[in-house]
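These protein sequence lines map, in sequence, to chains V and P. Residue numbers for the first sequence follow this note's numbering, beginning at 24 and rising by one. Residue numbers for the second sequence follow this note's numbering, beginning at 24 and rising by one.
2 protein chains.
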Amino acid sequence: MIDSFFYPKSIAVIGATANPKKFGNAVTINILKDKHPDIDLFLISPNKTEILGLKCYDSILDVPQPIDIAIILVPAKIIQKVIDECIEKQVKGIIIITAGFSEIDQEGREEERIIAEKCTKAGIRVMGPNCVGIQNIDLNLNASFIQKAPPGNISMISQSGSFGCASFYALQQEGLGISKFANIGNSIDVSFVDILEFFKNDINSKIISIYMETIKNGKIFVNKLREIIPNKPLILLKGGRTSIGMKAASSHTGSLATNYQILRVAINQVGATLCEDASEFITALKTFSILPIPQGQRIGVLTNSGGSSVLFSDKLEEYKLDLASFSENLKYKMKDYLIPLVKLVNPLDMIGGADEEVYYNITKLMLEEESLDIVVACVVIPPFLEMDSDEHYRGIIRAWNDTKRKKPLIPLIFFGENFDRLNQFAKKERAPIFYTPDEAAYAVKILINRATILSKLDRELSN
Amino acid sequence: MIDSFFYPKSIAVIGATANPKKFGNAVTINILKDKHPDIDLFLISPNKTEILGLKCYDSILDVPQPIDIAIILVPAKIIQKVIDECIEKQVKGIIIITAGFSEIDQEGREEERIIAEKCTKAGIRVMGPNCVGIQNIDLNLNASFIQKAPPGNISMISQSGSFGCASFYALQQEGLGISKFANIGNSIDVSFVDILEFFKNDINSKIISIYMETIKNGKIFVNKLREIIPNKPLILLKGGRTSIGMKAASSHTGSLATNYQILRVAINQVGATLCEDASEFITALKTFSILPIPQGQRIGVLTNSGGSSVLFSDKLEEYKLDLASFSENLKYKMKDYLIPLVKLVNPLDMIGGADEEVYYNITKLMLEEESLDIVVACVVIPPFLEMDSDEHYRGIIRAWNDTKRKKPLIPLIFFGENFDRLNQFAKKERAPIFYTPDEAAYAVKILINRATILSKLDRELSN
Numbered sequence: 024m025i026d027s028f029f030y031p032k033s034i035a036v037i038g039a040t041a042n043p044k045k046f047g048n049a050v051t052i053n054i055l056k057d058k059h060p061d062i063d064l065f066l067i068s069p070n071k072t073e074i075l076g077l078k079c080y081d082s083i084l085d086v087p088q089p090i091d092i093a094i095i096l097v098p099a100k101i102i103q104k105v106i107d108e109c110i111e112k113q114v115k116g117i118i119i120i121t122a123g124f125s126e127i128d129q130e131g132r133e134e135e136r137i138i139a140e141k142c143t144k145a146g147i148r149v150m151g152p153n154c155v156g157i158q159n160i161d162l163n164l165n166a167s168f169i170q171k172a173p174p175g176n177i178s179m180i181s182q183s184g185s186f187g188c189a190s191f192y193a194l195q196q197e198g199l200g201i202s203k204f205a206n207i208g209n210s211i212d213v214s215f216v217d218i219l220e221f222f223k224n225d226i227n228s229k230i231i232s233i234y235m236e237t238i239k240n241g242k243i244f245v246n247k248l249r250e251i252i253p254n255k256p257l258i259l260l261k262g263g264r265t266s267i268g269m270k271a272a273s274s275h276t277g278s279l280a281t282n283y284q285i286l287r288v289a290i291n292q293v294g295a296t297l298c299e300d301a302s303e304f305i306t307a308l309k310t311f312s313i314l315p316i317p318q319g320q321r322i323g324v325l326t327n328s329g330g331s332s333v334l335f336s337d338k339l340e341e342y343k344l345d346l347a348s349f350s351e352n353l354k355y356k357m358k359d360y361l362i363p364l365v366k367l368v369n370p371l372d373m374i375g376g377a378d379e380e381v382y383y384n385i386t387k388l389m390l391e392e393e394s395l396d397i398v399v400a401c402v403v404i405p406p407f408l409e410m411d412s413d414e415h416y417r418g419i420i421r422a423w424n425d426t427k428r429k430k431p432l433i434p435l436i437f438f439g440e441n442f443d444r445l446n447q448f449a450k451k452e453r454a455p456i457f458y459t460p461d462e463a464a465y466a467v468k469i470l471i472n473r474a475t476i477l478s479k480l481d482r483e484l485s486n
Numbered sequence: 024m025i026d027s028f029f030y031p032k033s034i035a036v037i038g039a040t041a042n043p044k045k046f047g048n049a050v051t052i053n054i055l056k057d058k059h060p061d062i063d064l065f066l067i068s069p070n071k072t073e074i075l076g077l078k079c080y081d082s083i084l085d086v087p088q089p090i091d092i093a094i095i096l097v098p099a100k101i102i103q104k105v106i107d108e109c110i111e112k113q114v115k116g117i118i119i120i121t122a123g124f125s126e127i128d129q130e131g132r133e134e135e136r137i138i139a140e141k142c143t144k145a146g147i148r149v150m151g152p153n154c155v156g157i158q159n160i161d162l163n164l165n166a167s168f169i170q171k172a173p174p175g176n177i178s179m180i181s182q183s184g185s186f187g188c189a190s191f192y193a194l195q196q197e198g199l200g201i202s203k204f205a206n207i208g209n210s211i212d213v214s215f216v217d218i219l220e221f222f223k224n225d226i227n228s229k230i231i232s233i234y235m236e237t238i239k240n241g242k243i244f245v246n247k248l249r250e251i252i253p254n255k256p257l258i259l260l261k262g263g264r265t266s267i268g269m270k271a272a273s274s275h276t277g278s279l280a281t282n283y284q285i286l287r288v289a290i291n292q293v294g295a296t297l298c299e300d301a302s303e304f305i306t307a308l309k310t311f312s313i314l315p316i317p318q319g320q321r322i323g324v325l326t327n328s329g330g331s332s333v334l335f336s337d338k339l340e341e342y343k344l345d346l347a348s349f350s351e352n353l354k355y356k357m358k359d360y361l362i363p364l365v366k367l368v369n370p371l372d373m374i375g376g377a378d379e380e381v382y383y384n385i386t387k388l389m390l391e392e393e394s395l396d397i398v399v400a401c402v403v404i405p406p407f408l409e410m411d412s413d414e415h416y417r418g419i420i421r422a423w424n425d426t427k428r429k430k431p432l433i434p435l436i437f438f439g440e441n442f443d444r445l446n447q448f449a450k451k452e453r454a455p456i457f458y459t460p461d462e463a464a465y466a467v468k469i470l471i472n473r474a475t476i477l478s479k480l481d482r483e484l485s486n
């Protein structure tokens, strides 16, 4: 059933309008744009003959063919009639974008209960209300009123539509993207678990991510995570972790937020990546979208900036991780490429003069070194000695490519956000950039955590 | 004496060169660029007649006029001779950029001891060695080999040159800037305390910031902070907080890092802003560069995105802060501008349709409201209803300007980094943007901390 939401053959927009200041217009325009030829779109708007060149119907019952998904944007007060018509039409799924239900008052809660009851009885799944819609970027389908996500391998369930919207801005900037997106809003029927089950089996959903404010049955949810973790990384950010946050969340999605401490223990145990803020969430998506999982936790660091590796090392220890010792073999090989001032210790401070060649050679030696599992290459872009702003990064990525990207490589380009050529190159190469020591250390931490989980699951299987 | 470093009448670059792959070239070019007419520059480079159109001298002793500051870039092995000549020339201060001293070995440490001893005896102050130089942006003076900082009201002492360099990238992007910058490197003579004393009395140094890896006399340092805090915010980031970080720092600046736990307690007591990572450091600089200190800690929040205010509220509680309750008076006035769906609670979720006018009116009412001290305006830029990407922010800033910027206003534009028009407008208006809920909450926290410190000092004074 959930697949009908992401792969519909026909969609009806109930509450379509030509008024560009209304969400019914935004949804219609978004679906029409680059629409997949196999999807039929029907607009329902009483007393209109045509909107955006498409014929309008007074009711979904007038549409002369079956409808998979009905997207409802009519005012809350006439919603029951529209729902009844969808039931009569035997649609497979309903997305209620309209807001003003349990997040507002008890009356709204009662309306939701009635809708859920009659749709369940009719065997129809309902997403929302109070949501922005869904997207399947693999099909170019944007059945929502927010912007189309950039294409990629991440699938996301968000309880907040605007959180999805904001994430897309961040993903776009990082050169990352979405396969499928659903905003479940007040979630009267279709739940996190339903969509997780679908993402679990969807081959394009390589990474699964969740923004959650409240969960109805934590146990079932955690069990569903347990099924997913062996095959896909799962990244979760919980809003409403504290009592003030919970109060804010309750007026947002109309339900009481869950006790975070209990949830946290369960989610960590099961091996999902639980982020504590929005920056960590994006860093986690970046990390798992692009980097392979390490074979162990032996970390090697090279840098042209003592400060950046000192700050990185601090953060590492806060995460209870440590740096590896360089093998004699590695030191012997590295020496050839370094000036005598450089001390052969980890972190390896190659000093400000290190250029593309030095970065390439040392990164490659570390990536090839058997006694290292993860390589962190720190750069402060030198504004001197006629060096190109992106040359160090190019050297690092060249080494990564030449070693077939087998090991995770963390390029830390300290505060390098506004170097366009660098960022363009990263997107072209589909390579990551981490911009602060804390971001780089967080990436290392979650990669190692996932490696640990996977090897634990492996051991359990072979026992 | 320290003022000679920032306001020299004459500078000698010892080790100047025409080779663009050498630091002696970078420093010369940087000083020459937009050079203040009152500063005379002399190049010392034996066996050269001219570099970059300037006459060269074999020795500083050949320069026919007094020299305030000698900047030394010659190799470590010939440094003692050059120092002796500077002493004979009776320069006021020496900046040793050359590296390869105590950060390398015991022999280097001994060299440093000799230099410090003879310069002290001669009454000459020494900055470095192993540093990038200094900058006084008020004079357009870049006596370093890194890029010139953007102009502004922040003065910075960094023990790492590359940390300064990276910070400048971040400041540039945020529309912030530097008044004076010093990189003290191995710090054999001129210390944090010496420069702090100078910044304390320098009217253009409105905010003082420090990146520190090691401190020789913590007690004197903390006492100096105590003198500064009543008049200027002081922001400090410590590298080498952990044992791994300390090990990394020791090969970086050649000295053992300080026990962080002890330092932390002292610094917090004295009321400086102690950051735990580089992102917090930049956020703190942004906050104190632009925002006024609040009169209290009553926080009001408006938003068009439930998710962003939920995440912000969570972070606030982690910082042990809370949201204010809206007064009946404020609710009464706000109601006129809001649609009926909006619940009049803090955080105020005005829902996705709120536009420039709504943001202007509600922000203004909150800024004018007596029962609120700080206003946080959250936006997820709506990609729908034909809204401009910067209109909400423009409304917010218009309200701030119309209320004469009396209260601190925190605009949280969730993941809005890549909206050029928005960022251009912010720079033009000299207004801040915070890009994540955690960043916004951190800004609120440090503003309230500073307000608390100042009122405590006030009370102590009047007792």
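Even glycine gets a Cβ: it sits at the ideal position worked out from N, Cα and C.
Same chain, Cβ closer than 7 Å to residue i, five either side skipped, listed in chain order
i	result
F442/V	I404, S412, D413
A139/V	V149, I211, D212
K112/V	I83, L84, I90
Spatially closest choice to residue i from the options, by CA coordinates
i	options	result
E440/V	A301/V, I433/V, A449/V	A449/V
E220/V	Q196/V, E236/V, K255/V, L194/V	K255/V
A189/P	A464/V, N446/V, K100/V, P406/V	P406/V
H59/P	K71/P, P31/P, A39/P	P31/P
T306/V	D63/V, C142/V, K468/V, K115/V	K468/V
N282/P	L259/P, E303/P, I238/P	I238/P
K229/V	G200/V, S214/V, K247/V	G200/V
D378/P	T326/P, T51/P, N159/P	T326/P
V86/P	A35/P, N224/P, K171/P	A35/P
N206/V	T121/V, R482/V, F65/V, A39/V	T121/V
Contact set between residue i and chain P, taken where Cβ atoms lie within less than 8 Å
i	result
I118/V	Simply none; closest approach about 16 Å.
I127/V	L364, K366
P460/V	D300, A301
Beta-carbon proximity list for residue i, same chain, < 8 Å, skipping 5 on both sides
i	result
R321/V	A347, S394, L395, D396, I397
Neighbouring residues, chain V, relative to residue i (Cβ below 8 Å)
i	result
P43/P	L408, E409
G123/P	L364
Residue i: contacting residues in chain V (beta-carbon distance under 7 Å)
i	result
R264/P	D337
Contact list for residue i against chain P, beta-carbon separation under 7 Å
i	result
K169/V	It is Ile, not Lys, that sits at residue 169/V in the sequence shown. In chain order: P406, F407.
Y234/V	G330
P370/V	A271
Per-residue contacts from residue i into chain P (C-beta, under 9 Å)
i	result
L346/V	I267, K270, A271
Spatial neighbours of residue i in its chain, beta-carbon cut-off 6 Å, leaving aside the 5 residues before and after
i	result
I67/V	A35, I37, Y80, I83
F304/V	L260, C298
Contact set between residue i and chain V, taken where Cβ atoms lie within less than 9 Å
i	result
E130/P	The premise fails here: E130/P is roughly 13 Å from chain V at the closest Cβ pair, so nothing lies under 9 Å.
E440/P	Y192, A193, Q196, E440
Notebook entry, point to check: Residue ranges of each alpha helix (DSSP H) run of no fewer than 4 residues wholly in the stretch 233-263 of chain V, ordered along the chain?
Noted result: Segments of the alpha helix (DSSP H) lying fully in the stretch 233-263 of chain V: 241-251.
Item checked: Within the stretch 182-212 of chain P, ranges of the alpha helix (DSSP H) (whole runs, at least 4 residues) -> If we require 4 residues or more, the alpha helix (DSSP H) runs fully inside the stretch 182-212 of chain P come out as 184-197.
Item checked: contact_flag[the stretch 138-150 of chain V, the stretch 283-300 of chain P] where n(CB pairs < 8 Å) is 3 or more -> The answer is no - the stretch 283-300 of chain P does not touch the stretch 138-150 of chain V, with fewer than three Cβ pairs under 8 Å.
Checklist line | contact_flag[the stretch 46-56 of chain P, the stretch 162-176 of chain P] where n(CB pairs < 8 Å) is 3 or more | finding: As far as the Cβ criterion goes, the stretch 46-56 of chain P touches the stretch 162-176 of chain P, which means the pair count is three or higher.
Next item on the list: Jot down the residue ranges of each uninterrupted beta strand (DSSP E) in the stretch 106-189 of chain P, minimum 3 residues, whole runs only, in chain order.
Entry: Secondary structure within the stretch 106-189 of chain P: the beta strand (DSSP E) runs of 3 or more consecutive residues, fully enclosed, are 116-119, 148-150, 156-159, 164-167, 174-181 (chain order).
Next item on the list: Could you pull out every unbroken beta strand (DSSP E) segment of at least 3 residues lying fully inside the stretch 379-424 of chain V, listed in chain order?
Entry: Runs of the beta strand (DSSP E) lying entirely within the stretch 379-424 of chain V, each at least 3 residues long, are 397-402 in chain order.
Item checked: Touching by the beta-carbon criterion (3+ pairs, under 8 Å), the stretch 457-466 of chain V and the stretch 230-250 of chain V -> The stretch 457-466 of chain V, when compared against the stretch 230-250 of chain V, does not touch it at the 8 Å Cβ threshold.
Margin query: Report the start-end ranges of each beta strand (DSSP E) in the stretch 274-320 of chain V that is 3 residues or longer and not cut off at the edges.
Written below: At a cut-off of 3 residues, the continuous stretches assigned as beta strand (DSSP E) that sit fully inside the stretch 274-320 of chain V are 296-298.
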